[in-house]
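Worksheet: one structure, shown below.
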Amino acid sequence: MAAESELIIKNGVVFDPINGVKGEQMDLFIRGGKIVEAVSNPKVIDAEGRVVMPGGVDIHAHIAGGKVNSGRLMRPEDGRKGLVPKTKVCRCQSGYSVPNTFATGYRYAMMGYTFVMEAAMPPLAARHTHEEIIDIPILDNAAMPLIDNNWMTLEYIKSGDIDLLAAYIAWMIKATKGYGVKVVNPGGTEAWAWGKNCNLHDAVPTFDVTPAEIVKGLAEATEKYEMPHSIHVHPNMLGHPGNFEVTKATYDLVKGIRPYRDRPTMHATHTQFHSYGGSTWGDFESQAKSIAEYINVNDHMSIDIGSIILGDTTTMTADGPMEYDLYQITGRKWTNCDVELETGSGITPFLYSGKSPVNTIQWAIGQELALLVKDPWKVALTTDHPNAGPFIGYPIIISMLMSKKRRDELAAEVHKAIYDRSELPSIDREYDLNEIAIITRGMAAKTLGLSEHGKGHLGIGADADIAIYDMTPEERDAGKIQKAFLNTKYTIKAGEIVVKDGEVVATPEGRTIFVTPECDQTLMDEMLVTLEDRFDKYYSVTFNNYPVQDHYLPHPYEIKAPWRS
Amino acid sequence: MQTITLKLKDAIVSGVAKVPVEVDALTPDQLFGKSEAEIKAVKVWWGNRQEQTGDLFEVRLAGDAASAEDVKLVFEGDLRRVKRIGEGMKVGEIEARSDVDMHCGAMMEGGKLVVKGSANCWAGREMRGGELVIEGDAEDNLCAMYRGEMTGMTGGKVTVYGNAGELTAQYMAGGEILIKGNANMLAGLNMKGGKITIEGDAKWPGADMTGGEIMVKGATAMMPSFKFVETATVDGAEYKKYLGDLAMGERKAKGTLYVR
Amino acid sequence: MEGISVNLISGRTAVQGQNLDSKLSDEYFGEVARCDLNGADMEKLGVAKDDRVKVTTAYGQVVVRVDQDDGILAGMAFIPMGPWCNAVVNGDTNGNGMPSFKGIDATVEKTTEPILSISELMRTYMD
Amino acid sequence: MAELTDVVCSLCGCVCDDIVLEVENNEVVKVKRGACSVGKAKLLGHHRIPSPMIRENGELKEVSYDEAIKKAAEILYKSRRPLLYGWSSTVCEADKVGVELAEELGAVIDNTASVCHGPSVLAIQDVGLPSCTLGEVKNRADLIIYWGANPAYAHANHMKRYSYVSKGFWTEEGKKNKKLVVVDPRKTMTAKMADVFVQIKQGYDYPVFSALRAILRGHADVVPDEVGGVPKEQLMEIAEMVKGAKFVMTFFGMGVTHTGARHNNIVNAIQFTRAAHTHTKASIMPLRGHYNVAGINQVLTWETGFPFAIDMARGYAWYNPGEDSATDCLWRGDCDSAMIIASDPGAHFPGPSLRHMAKIPVIQIDPYANPTTEFADIVIPTAVSGIDAEGSVYRMDNIPIRLRKIIDSDVPTDEEIVGRILTEIRALRAKEVQ
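Chains as they are written, first to last, in the numbering used here: chain D, 147 to 711; chain S, -17 to 242; chain E, 0 to 126; chain W, 40 to 473.
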């Protein structure tokens, strides 16, 4: 759109939690892609009392990169589920749990989302992640490099050189044009390169450090900078019965560490997979209550729920051993890719069935977490797309969180284990639209440190990313709520109408947001001596061919993270 | 009983390039109740353009039908580049009076489909029900799954009077297949249910099978990973009964293979 | 002239690779318009290195020079991947997308016919 | 005289990126380090097509780029089933425009994988691919298996950089503490280096893999004394080597994809790897041929959902190798024009398929004259990616590397040429709509 073109949205009922606006009828003024105080000669949209929210912000999804594409390549049977012909505006679409890049942009925009964080970028293949992000229309994106199983990290943790670790983190985030520090099964993924795994206090083979030491060290190194986001952690033992104790022990590791600003020191992701009780699949039960209580009494943590969508999906994670375990259970196709000196990944299809007691309890846990954590500013709505289910399932979860009636109806359809091995049926809480706006926008924008950069709110100067849902605030019918959140009346991205009446009408290119941690040069030079040696001896690409070239960020947005004085 | 005759015009296949016509829009259930003019107006794909059925086929109607069950489609002319004949058909009858191209009877759910000649690859792909008769040969991937799927044919009855190509009934889960001739490489690959009878010879039948039954009446080139169980007599004839495929591990090797 | 029946396979070679972008060169011609046979089979045919042989399959025939490679068993023939080998390969892929470039039933016989150049060979597809 | 370092080789799937060469007055004069004989030949350059050409009564006549591009657009625009084939010896930036062109035309788009490792992709779609990056092999692997592959010739740097001969963290002594197994019907250069050479009967890879799986899963008892020309003792020996190794790496080539059960050979090779994984760490990887055949598979997959052999006729991707792969379209005679880019079907397709290519209009986009040129009605020369053009390519292990531009040139790139054809076609469509 022309930089200065103007827009006014009249008569919307606005939910903008970051600015404390809880369903007020008010007008929004837009110029040059930003929210402004007034406009002179605008195009007018009459929202006619409909619900208006900032563009959705997804804190954790797997939408771009080698792992996602291996999932697509491995599953033509998923690809053919989502075939949509090209239109005058849109490219061709495919896929359900692993949609192609175009469908990913369109379908998020149709739900009113305008920012998505790619949750796991293998540094060596970072270029691939960025090449796919270029091909995701409409959305702004960022990606978090995996830095927790890297040999350099393990060596510095072992030697206790947190400053040098911080220098390595800075180099890695810059080299990958990344956003923050992603941690996935710390130590366990390196162990998986030998077909093994690690629990929180096991020693990593050869490197002789424990996952616990890795998490603590990475948190300390990260907080050396004014990083917008804390370390983003997928704890050890994902998906194992009884893992909730490991999960809480992991949370405890960063308790003492002081974040540079008012934000958590750890974001723990897809917590549903880490809230399991029992000791086997036989006595498997929900421990969501225990995890929620921890979050309620501690302020150094934030979580996203990773809620299950019943049905078939494609699981994918850098947690190689976990995917192998899953494939051992199902016997279905299994892809693995261990990445030299850094990380790994596994992919296998999975069917979450309401007939299975285990799947049913997993399904309940995600909702329990959202309902039992009292402060919505501590919890984000995710499905760990596509691991617990595809992102297009978000509206189903929203409708359940907002309607006890809907939950009871669905509970009656799934395995009865939900009544004796989860809390869900006994929870009466219903989310209101303000809370929904928090867990789908406000919380993610604040926790990622993006609200200062215009995301997740509608204050003056914010990005004009806006969702207008085809419902009034009074709507109570779960089915209608679900429908409204699946296809917006309007989605506006940077002031441009991209979705109208549930159809994509424009496909502007989004921006790639990246962080530049600013590290002292002498410290950096000392680290580089070791790093260049590792490249010479052990990497299969050269030091100079490794970093992501600027070419791969056609619309860059840089956030500087100075060293903390 | 209503008979709808669709004769492919010679001009369509007389060019240098034989661009396939795809007739998945032409099944008894979809054409039932339509007038001749309406049928001629039904859009079918010919390469990257949609054309009217009447522009590609000579259309004749005879008789009336009370329901789609009473509708019989007859395809005539040179059908070697006509794909998806009877794809997804639910009821009624289709007769194809020539060799036919790929995906004939794919995802068929019911009714009867008779091919008077040979069928190209993927005949009866992911078939769920109904009856498919191929009076000539069936080429490769007969009654197989779609790429990446782990379930192929789940129901229905298939008879091939000639030979079958490679990978017959991959991932078969149900239904019955009778091959009166030979079956090329890897018939019943990944089979988990249903029954395949091969009256001629077979090469490496039942590889990676975890269920279902294959009977070969001719000569068999065996896989090296099957376990001999016993000599059994089936309708008067003696067979060696094998269990497999042990390459899948003991727990999964629940397929039965009868060979001479 | 008596021929022998062989199992024909094809594959890459170093010199073939070096000339991927210069297939019209003499070096490529010399490398790829070639059939390797086991010494025993060469004796049977009464051919020596660089004699010409005609390779015939159900799908076509081609004349190439012969060379000895005892790394392949008697009863097999190897022609480097390229236009000459493809002159005798089946186009059918059995619904797989991949023609059988290896394991083709062929007969090899001594011949005095000339080896076609690339453009001569390609012309044979045009009439 | 300038020395360039970290130059990336654009020949085979190894994509060696540590090449040092000398450039003098805009020409590569010397390859000092890093490249194998095959890569060196490419970097030193070959004779290029000097000008665009259009065939008039049998003869190719030089024309302008505008004229050639206009004519190419007209041919493709009026086609009912145009085939857009190749895309492997160019960069992903060009491939992306190619996908857009296929969408605009409702064309069939396929790449050289369909006659190379297409069967490997089909196999991955059946059972997945337990694999790793090449550096993992370099640092950890102590048992290397080359099955139906001859890297000594086809990927000359492969063993040195990544596998049997390379030195890494747990393999500082190179091949000293490693074992090499080679399976091939021919005793190749690679086979001569092997600790164990298995001279398998051509076309019998499938049952041999099944026998190995049965042994690894504890059912040696049912395996006959000889399978596919391989004595049972040798199969038992290999199974023991697998069980005893810390990290088993299997590389396979076209000796497996071109033969017998084709893609099911690969399914079984992967099943063998899965069985090995129950005893130790095991990975497997196809030895990809062209330097960016993996890249076009990646681009097609993230843009359309499917890796190759795609028919865009209905405005979305219908994926079916064997139906919409290039060799089949030509052999069946069902495509009515062909645009060949960055590949050479004239040299690498079976004769029966070429007979149809001779009958239809053919557009060739390539830096070099080759057998395909003999069929071409329009020839459009382009820059050589990795020499006078830069861009993304994906190594055989799907690691993305950016090719460098090492000499200046005014020859348009593949991306520019395909983009200009797309623009022409959109103009033709706009005209028709009016």
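Even for Gly, the Cβ is constructed at its ideal location relative to N, Cα and C.
Query raised in the report: For residue 38 of chain E, is the classification buried or exposed, using 16 other Cβ atoms within 10 angstroms of its Cβ as the cut-off for buried?
Result: On the third sequence, position 39 is the one that residue 38 of chain E refers to. Around the Cβ of residue 38 of chain E, a 10 Å sphere holds fewer than 16 other Cβ atoms; the residue is exposed.
Query raised in the report: Pairing CB atoms from the stretch 142 to 153 of chain W with CB atoms from the stretch 329 to 343 of chain W, are three or more of them under 8 Å?
Result: Contact check between the stretch 142 to 153 of chain W and the stretch 329 to 343 of chain W: three or more CB pairs, one atom from each, fall below 8 Å, which counts as touching.
Report task. Could you check the C-alpha separation between residue 53 of chain E and residue 74 of chain E for me, to the nearest Å? Result -> Sequence index remark: in the third sequence, residue 53 of chain E carries index 54 (1-based). Sequence index remark: in the third sequence, residue 74 of chain E carries index 75 (1-based). Distance between the alpha carbons of residue 53 of chain E and residue 74 of chain E is about 15 Å.
Query raised in the report: Would the beta-carbon of residue 155 of chain W be found less than 7 Å away from any heavy atom of the ligand GDP?
Result: The ligand GDP is not part of the structure shown, which contains no ligands of any sort.
Query - Backbone secondary structure at residue 239 of chain D - three-state DSSP - result: Stepping through the first sequence from its first residue, residue 239 of chain D is reached at position 93. Note: residue 239 of chain D maps to strand in three-state DSSP.
Query raised in the report: On the three-state DSSP scale, how would you describe residue 343 of chain W?
Result: Looking up residue 343 of chain W in the fourth sequence gives position 304. Correct three-state label for residue 343 of chain W: helix.
Requested in this report: For residue 27 of chain E, name the three-state secondary structure that DSSP assigns.
Outcome: As a working note, residue 27 of chain E is residue 28 in the third sequence. Assigned with DSSP and collapsed to three states, residue 27 of chain E falls in helix.
Query raised in the report: Measuring CA to CA, which of D/678, D/685 and D/606 is closest to residue 182 of chain D?
Result: Along the first sequence, one-based indexing puts residue 182 of chain D at 36. Answer by Cα proximity: D/606.
Query raised in the report: For residue 364 of chain W, does the count of other Cβ atoms within 10 angstroms reach 16, so buried, or fall short, so exposed?
Result: Working through the fourth sequence from its first residue, we reach residue 364 of chain W at position 325. When all chains shown are included, residue 364 of chain W counts as buried.
Requested in this report: From the DSSP output, in three-state form, read off residue 463 of chain D for me.
Outcome: Here residue 463 of chain D corresponds to residue number 317 of the first sequence, with the count starting at 1. In the three-state DSSP reduction, residue 463 of chain D falls in the strand class (E or B).
Query - Three-state class that DSSP yields for residue 373 of chain D in the structure shown - result: Here residue 373 of chain D refers to the residue found at position 227 when the first sequence is read from its first residue. Here DSSP, grouped into helix, strand and coil, assigns residue 373 of chain D to coil.
Requested in this report: Pick helix, strand or coil for residue 147 of chain D, following the three-state DSSP scheme.
Outcome: Within the first sequence, numbered from 1, the residue matching residue 147 of chain D stands at position 1. For residue 147 of chain D, the predicted structure reports a pLDDT of 46, less than 50, and the residue's modelled location is therefore unreliable. A value from the coordinates is still provided. The DSSP-derived three-state label of residue 147 of chain D is coil.
Query raised in the report: At which residue ranges does the stretch 239 to 284 of chain D contain complete alpha helix (DSSP H) runs of 4 or more residues, listed in the order of the chain?
Result: For secondary structure counted as the alpha helix (DSSP H) over 4 or more consecutive residues, the stretch 239 to 284 of chain D holds these complete runs in sequence order: 247 to 256 and 272 to 280.
Requested in this report: Starting from the Cα of residue 3 of chain S, find the closest Cα among W/47, W/89 and W/119 and give me that residue.
Outcome: Translated into positions along the second sequence, residue 3 of chain S becomes position 21. It is W/119.
Query - Buried/exposed call for residue 427 of chain D, threshold 16 Cβ in 10 Å - result: Position 281 of the first sequence, counted from the start, is the residue given in the question as residue 427 of chain D. With fewer than 16 Cβ atoms within 10 Å of its Cβ, residue 427 of chain D is classed as exposed.
Report task. Identify the continuous beta strand (DSSP E) that holds residue 170 of chain W and give its terminal residues. Result -> Position 131 of the fourth sequence, counted from the start, is the residue given in the question as residue 170 of chain W. That run of the beta strand (DSSP E) goes 169 to 171.
Query - Own chain partners of residue 261 of chain D with C-beta closer than 6 Å, once the 5 adjacent residues on each side are dropped - result: Along the first sequence, one-based indexing puts residue 261 of chain D at 115. Answer for residue 261 of chain D: 203, 286 and 601, listed in chain order.
Report task. With DSSP collapsed to three states, give me the class of residue 33 of chain S. Result -> Against the second sequence, residue 33 of chain S aligns to sequence position 51. Per DSSP, reduced to three states, the secondary structure at residue 33 of chain S is strand.
Query raised in the report: Sorted by chain position, which residues of the same chain lie with C-beta nearer than 7 Å to residue 424 of chain D's C-beta, five sequence neighbours on each side aside?
Result: Here residue 424 of chain D refers to the residue found at position 278 of the first sequence. The residues are 387, 388, 430 and 431.
Query raised in the report: Cβ of residue 168 of chain W less than 8 Å from any chain D Cβ?
Result: Here residue 168 of chain W corresponds to residue number 129 of the fourth sequence, with the count starting at 1. The beta carbon of residue 168 of chain W falls within 8 Å of a beta carbon belonging to chain D, placing the residue at that interface.
Report task. Below 8 Å on the Cβ atoms is my guess for residue 200 of chain S versus residue 237 of chain S; work out the distance and round it to an integer in Å. Result -> What you label residue 200 of chain S is simply residue 218 of the second sequence in a count that begins at 1. What you label residue 237 of chain S is simply residue 255 of the second sequence in a count that begins at 1. With a Cβ gap of about 19 Å, residue 200 of chain S and residue 237 of chain S do not count as contacting.
Requested in this report: Using the Cα positions of residue 241 of chain S and residue 104 of chain E, report the straight-line distance between them to the nearest angstrom.
Outcome: Along the second sequence, read from residue 1 onward, the residue named residue 241 of chain S stands at position 259. Along the third sequence, read from residue 1 onward, the residue named residue 104 of chain E stands at position 105. Distance between the alpha carbons of residue 241 of chain S and residue 104 of chain E is about 28 Å.
Query raised in the report: What are the boundary residues of the alpha helix (DSSP H) that includes residue 651 of chain D?
Result: Sequence index remark: in the first sequence, residue 651 of chain D carries index 505 (1-based). Segment: none, residue 651 of chain D is in no alpha helix (DSSP H) and carries neither H nor E.
Query - Neighbour-count burial assignment, residue 148 of chain D, 16 or more Cβ in a 10 Å radius - result: To locate residue 148 of chain D, count along the first sequence from 1; it is residue 2. Residue placement at residue 148 of chain D is poorly supported in this model, since its pLDDT is 46, which falls under 50; the coordinates are not used for a value here.
Query raised in the report: Residues in its own chain within less than 6 Å of residue 288 of chain W by CB, not counting five upstream and five downstream?
Result: The sequence position of residue 288 of chain W within the fourth sequence is 249, counting from 1. If we look at residue 288 of chain W and ignore the five residues flanking it on each side, its Cβ neighbours are 176, 180, 183 and 322.
Query raised in the report: If you draw a straight line from the alpha carbon of residue 697 of chain D to that of residue 640 of chain D, how long is it in whole angstroms?
Result: Position 551 of the first sequence, counted from the start, is the residue given in the question as residue 697 of chain D. Position 494 of the first sequence, counted from the start, is the residue given in the question as residue 640 of chain D. Rounded to whole angstroms, the separation of the alpha carbons of residue 640 of chain D and residue 697 of chain D is 23 Å.
Requested in this report: Pick out whichever of D/448, D/341 and D/257 has its Cα sitting closest to the Cα of residue 520 of chain D.
Outcome: As a first step, residue 520 of chain D is located in the first sequence; it is residue number 374 there, counting from the start. Of D/448, D/341 and D/257, the residue nearest in Cα terms is D/448.
Query raised in the report: Got a sec: which bits of the stretch 406 to 418 of chain W sit with their beta carbon under 8 Å from any beta carbon on chain E, in order along the chain?
Result: Among the residues of the stretch 406 to 418 of chain W, those with a Cβ less than 8 Å away from any Cβ of chain E are 406, 407, 408, 409, 410, 413 and 414, in the order of the chain.
Query - Where the alpha helix (DSSP H) containing residue 302 of chain W begins and where it ends - result: As a working note, residue 302 of chain W is residue 263 in the fourth sequence. That run of the alpha helix (DSSP H) goes 302 to 316.
Query raised in the report: Near residue 158 of chain S, what residues of its chain come up, given a Cβ to Cβ distance below 6 Å and the 5 sequence neighbours on each side ignored?
Result: As a first step, residue 158 of chain S is located in the second sequence; it is residue number 176 there, counting from the start. Contacts found: 139 and 177.
Query raised in the report: Could you check where the beta strand (DSSP E) with residue 202 of chain D kicks off and where it finishes?
Result: Mapped onto the first sequence, residue 202 of chain D falls at position 56. Unbroken beta strand (DSSP E) run through residue 202 of chain D: 202 to 207.
**Report entry** Beta-carbon proximity list for residue 202 of chain S, same chain, < 6 Å, skipping 5 on both sides
**Finding:** Here residue 202 of chain S is taken as the residue at index 220 of the second sequence, counted from 1. Correct list, in chain order: 184 and 241.
Query raised in the report: Looking at the C-beta of residue 223 of chain S, does it have a partner C-beta in chain D at a distance below 8 Å?
Result: Translated into positions along the second sequence, residue 223 of chain S becomes position 241. By this cut-off, residue 223 of chain S is not an interface position.
Requested in this report: Give a yes or no on contact between the stretch 98 to 117 of chain S and the stretch 42 to 57 of chain S, applying the rule of three or more CB pairs nearer than 8 Å.
Outcome: Judged by pairs of C-beta atoms under 8 Å, the stretch 98 to 117 of chain S does not touch the stretch 42 to 57 of chain S, as fewer than three such pairs exist.
**Report entry** Buried or exposed (CB count within 10 angstroms, at least 16 for buried), residue 625 of chain D
**Finding:** Position 479 of the first sequence, counting from 1, holds the residue named residue 625 of chain D. Exposure of residue 625 of chain D is indicated by the presence of fewer than 16 other C-beta atoms within 10 angstroms of its C-beta.
Report task. Decide yes or no for the touch test of the stretch 232 to 251 of chain W against the stretch 104 to 114 of chain E: beta carbon pairs closer than 8 Å, at least 3 of them. Result -> Between the stretch 232 to 251 of chain W and the stretch 104 to 114 of chain E, the count of C-beta pairs closer than 8 Å stays below three; the two stretches do not touch.
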